[in-house]
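Trainee:
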Amino acid sequence: MSHSGALFDFEFDAAHTLKKMGYICVLIGLLVSMYAAFQEVEKTSAQLIENTRLIEDAIESVGVGLIIYDKNNRFVICNSFHRDFYPEITDRLVANVHRLDIVSEYIKKAPNYYEKAEHTHDKENPSLEIRPKLTRKLPDGRWLQITEKPTRDGGIVAVRTDITQLKEQEDTLRMHLEDADRSRTALEKQAEELVVLAEKLESLRVIAESASTAKSNFLSTMSHEIRTPLNGVLGLTQLLKDTDLSEDQENKVNTILSSGQTLLAIINDVLDMSKIEAGGLELEKKAFSLHGLVSTITTPFQSLADDKGLELAFRYEIAPNMVVKGDPVRLRQILWNLMSNAIKFSEQGRILLTIGAVGEETSGDQTMPAPKYHLLYFAVEDTGPGIALDRIDAIFDAFTQEDNTITRKYGGTGLGLSIVKQLTDLMGGKIKVDSELGKGTKFIATIPFDAATEEEIEVVSLRAAVMADRKTEPLNVLIAEDNEVNAVIVKAFLQKFGHSVKHVENGRLAVEVAKEGWADLILMDIHMPEMNGIEATQAIRATETGKTLPIVGLTAEAFTERHAQFIDAGMVAVLTKPFTEQQLADTLAENRLIDRRNKARDEPVTKDHASADGAIGEVLVKSDNISLSGGDITPIGHEQKLADFRNQLPAEVISSLLVEAQSSLQKRLVELRQAVQDEDLQKVRDTAHAIKGACGSMFAMRVAELAAEIEEKSTDIDAVRDLMDRFELATTEATNWWAEQSA
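Here our numbering is used: the first residue of the sequence shown is 2, the next is one more, and so on.
1) Determine the extent of the beta strand (DSSP E) in which Val-324 is found, giving its start and end residues.
2) To which residues of the same chain is Arg-333 closer than 8 Å at the C-beta, ignoring the five residues directly before and after it?
3) So is Tyr-374 buried or exposed if we call it buried at 16+ other beta carbons inside 10 Å?
4) Check whether the stretch 567 to 582 touches the stretch 545 to 555, taking contact to mean three or more Cβ pairs, one atom from each stretch, closer than 8 Å.
5) Using a Cβ distance threshold of 8 Å, determine whether the stretch 337 to 357 contacts the stretch 307 to 315, with at least three qualifying pairs required.
6) Alpha carbons only, please: which of Cys-79, Ser-46, Ala-47, Asn-74 is nearest the one belonging to Val-57?
7) Looking only at DSSP bridge pairs, what is Gln-525 linked to?
8) On the CB-based measure, 16 or more other CB atoms within 10 Å of its CB, does Arg-722 come out buried or exposed?
9) Could you have a look at Phe-337 and say whether DSSP puts it in helix, strand or coil?
10) Please go through the same chain and pick out, in chain order, the residues whose beta-carbon is closer than 8 Å to the beta-carbon of Met-525, but skip the five residues on each side of it.
11) Output the boundary residues of the beta strand (DSSP E) element that contains Phe-777.
12) Looking at the secondary structure, which residues open and close the alpha helix (DSSP H) in which Lys-516 lies?
13) Figure out for me which residue from Pro-133, Arg-161, Arg-100 has the closest Cα to the Cα of Ile-60.
14) Going by C-alpha to C-alpha distance, which of Ser-204, Leu-666, Gln-146, Phe-346 sits closest to Phe-700?
15) Does the Cβ of Leu-178 have 16 or more other Cβ atoms within 10 Å, making it buried, or fewer, making it exposed?
16) Per DSSP, what kind of secondary structure is Phe-397 in: helix, strand or coil?
17) Per DSSP, which one or two residues make a beta bridge with Lys-150?
18) Please state whether DSSP places Ile-78 in a helix, a strand or coil.
19) Check each candidate in Leu-707, Ser-715, Ile-50 and name the one with the smallest Cα separation from Phe-728.
20) Quick one: what does DSSP say Leu-438 is sitting in, helix, strand or coil?
21) Grab the span of the beta strand (DSSP E) containing Ile-711 for me, first residue to last.
22) Determine the extent of the alpha helix (DSSP H) in which Lys-109 is found, giving its start and end residues.
23) Who are Trp-144's beta bridge partners in DSSP?
24) Could you tell me whether the Cβ atoms of Phe-444 and Gly-385 are closer together than 7 Å?
25) Are there 16 or more other CB atoms within 10 angstroms of the CB of Met-428, so buried, or fewer, so exposed?
26) Whose C-beta lies closer than 8 Å to the C-beta of Ala-695 among residues of the same chain, with five residues either side of it excluded?
27) Less than 7 Å between the C-beta atoms of Thr-688 and Glu-672, yes or no?
28) Am I right that Thr-442 and Ile-432 are in contact with their C-beta atoms under 8 Å? What's the rounded C-beta distance?
29) Just to confirm my understanding: we take Gln-303, look at its own chain, exclude 5 residues before and 5 after, and list those with CB closer than 7 Å. What are they?
30) Run through DSSP, which three-state label would Lys-578 get?
31) In whole angstroms, what is the alpha-carbon distance linking Lys-516 and Asp-328?
32) So which of Asn-322, Val-65, Ile-103 has the shortest CA-CA distance to Val-77?
33) Which residues mark the beginning and the end of the alpha helix (DSSP H) in which Ala-731 is found?
34) Thinking Ile-108 and Arg-132 are a contact (beta carbons under 8 Å), I'd like their distance in whole angstroms, please.
35) Measuring straight from C-alpha to C-alpha, what distance separates Met-323 and Ala-676?
36) Using 8 Å for Cβ pairs, my map puts Val-254 next to Lys-242. What's the rounded Cβ distance?
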């Protein structure tokens with residue numbers, strides 16, 4: 002090879018080598034780039050894997066079933082919640098499985114369930130349309146809320162939420178609503194039934210009220226119809242007793258009188274029982290003397306006891322002048338029934354009535370339902386046949402007696418003790434019985450009473466003193482009575498008492514005679530022709546002469562509500578027929594009020610000397626009519642009024658009242674001084690009020706007026722102190738004046 006050829010070869014090899022090296026560098030660069038790209042891909046892949054894992058974790062943690070299909074309806078992914086809902090097809094929930102295959106497989110695996118469930122898919126040709134929202138119950142009983150939504154690339158995201166608990170609550174609520182609806186329906190039905198029942202009850206109430214009214218009207222009518230002729234029988238019998246009779250005639254008259262009184266007692270018992278059962282019996286509350294009340298039943302029972310050879314004894318374990326506040330009429334009825342029973346059932350021995358205050362030694366197990374100031378017991382003890390132990394509880398039942406033979410032997414309705422029991426209960430007390438066969442019986446009624454005020458006690462004491470003599474004072478009495486027999490009886494009684502009598506046969510004539518101003522008192526029958534007693538009373542009250550004329554109603558009606566109507570019409574009292582001489586005398590004495598009648602003729606009336614219930618009231622001239630100013634000094638005493646008073650009562654009664662007035666005033670003065678010293682304003686007021694009434698009743702006008710002024714200013718203790726010197730001087734002068742008048 003030539004030199005030039007060697008060079009060529011070298012140059013060629015060098016170029017070739019350089020070219021190869023260029024290829025190698027390019028290849029290396031490419032490899033480096035590929036490696037770098039691979040690393041980037043690897044890094045991106047790792048990030049993708051991490052992101053995929055995060056997405057899978059998120060899908061798992063959503064707490065609902067989640068499944069995703071791509072745009073070709075092929076399975077992409079689902080979470081374990083979704084697989085748990087469809088355990089029948091978990092093997093089909095893999096990548097690229099078509100949604101139609103999954104649905105068809107589920108239809109095959111759960112055919113029974115699929116038949117019962119409401120599905121949007123047709124069993125033969127399942128639809129792949131997106132279902133926005135539906136609920137479905139799984140074969141295992143769970144309920145799903147299914148929601149399907151499309152993705153941006155056309156795929157499907159389906160969510161299954163377990164709403165089993167919500168469905169159960171919904172079912173429970175629905176059941177409650179159904180129950181409520183049933184209850185509402187039942188209530189509506191009951192309401193309709195109640196309306197019908199209410200209408201029936203209203204109808205029955207009307208019928209019951211009509212029956213009650215009819216019963217009351219019947220009892221009222223029968224009471225009137227029976228009492229009216231009975232009044233004639235008893236009245237004429239009492240008058241007949243005062244005539245000259247043979248022994249046989251007197252016995253027969255006594256039998257008639259006894260039988261009539263028994264019949265009257267039965268009528269009274271039936272009427273009282275009717276009123277008690279109807280709740281129409283109202284208790285009175287007034288101050289009365291216990292000794293005075295018992296004395297009203299002493300005489301008749303003494304006579305009955307004497308007839309049977311029994312000893313009648315009264316034991317008082319209370320103060321002789323004790324005054325309490327309650328219902329004296331009902332207490333008298335209780336004692337009357339107990340005493341009557343004791344005498345009726347005793348053939349020998351004695352009857353003892355004991356009255357005492359309940360203390361620790363006598364209270365026993367008595368617990369009062371209505372505790373009051375006084376708790377008294379009234380024990381009636383007899384020596385009769387006694388009561389069997391097993392019959393004691395039954396004797397207080399209505400129409401019941403200890404033994405059936407008692408009715409045949411002794412008579413009676415069996416209402417007496419029942420009335421006693423119910424009256425005692427109404428008064429807030431209790432009654433018990435101690436008895437043993439063959440050893441007699443002891444009834445003990447324990448009854449509470451209110452305390453009477455000092456003023457009420459004084460009034461009762463003064464009334465007792467006045468009543469001792471009033472029964473003999475002559476009166477001009479007008480009788481308005483259409484029943485001739487009743488008129489004859491009343492007229493005979495009145496003439497026997499020494500009174501002058503005029504008789505008219507109807508209310509119209511009574512009004513005419515009343516205008517003449519002759520009558521001191523009118524006895525007014527209720528049921529009369531032309532004008533009844535109520536109308537006549539109202540007409541008389543409308544006249545000048547009749548404004549304060551005492552009018553006493555006469556009626557055979559024994560119901561309290563009717564008596565109240567008579568009082569409202571203007572009557573001062575009501576006397577129930579038939580009545581005894583004593584009852585008529587007491588009524589006249591309590592209501593004859595000569596001083597009231599004189600005032601009505603000559604001067605304006607202030608306060609009645611006696612009220613309709615017999616209590617002595619104030620005759621005090623009002624302080625605004627008597628002045629201590631301008632030199633017109635009120636007199637110590639009203640001598641003219643005292644003189645008028647002397648004309649009505651015996652001298653010894655007047656003297657007794659004046660002495661009592663002096664003692665009472667001194668006692669009250671001590672109380673007033675102490676009240677002023679203690680600055681007890683209420684006591685000052687009460688004491689001054691009592692002094693005003695008591696001194697006014699005995700015409701000590703200056704003391705009465707100053708007491709009224711103290712009462713009026715009792716809220717200002719300094720003003721009262723300023724009056725005390727003048728008041729004490731006036732009391733001294735009044736005491737001296739009374740002493741002079743009683744000499």
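Each residue gets a CB set at the ideal place from its N, CA and C atoms; glycine is no exception.
Mentor: On the basis of the supplied data:
1) 324 to 327
2) Leu-294, Thr-297, Ile-298
3) exposed
4) yes
5) yes
6) The question names Val, but residue 57 in the sequence shown is Glu. Ranking Cys-79, Ser-46, Ala-47, Asn-74 by Cα distance to Glu-57 puts Cys-79 first.
7) First, the amino acid is wrong: residue 525 is Met here, not Gln. Answer by DSSP bridge pairing, in chain order: Ala-481, Gly-554.
8) exposed
9) The sequence given here has Trp at residue 337, not Phe. Reduced to three states, the DSSP call for Trp-337 is helix.
10) Ala-481, Gly-508, Ala-511, Gly-534, Ala-537, Thr-538, Ile-552, Val-553, Gly-554, Leu-555, Met-572
11) The structure shown does not extend to residue 777, since the chain spans only 2 to 744, so no value can be given for it.
12) 508 to 516
13) Arg-161
14) Leu-666
15) exposed
16) coil
17) Val-158
18) strand
19) Leu-707
20) coil
21) Unbroken run through Ile-711 is the alpha helix (DSSP H), 702 to 713; no beta strand (DSSP E).
22) 100 to 110
23) Lys-138
24) no
25) buried
26) Glu-456, Glu-459, Ala-662, Ser-665, Leu-666, Arg-669
27) yes
28) The Cβ separation is near 12 Å, so there is no contact.
29) Leu-313
30) coil
31) 37 Å
32) Ile-103
33) 718 to 743
34) With 8 Å as the limit, Ile-108 and Arg-132 do not qualify as a contact, their Cβ atoms being about 15 Å apart.
35) 25 Å
36) 6 Å
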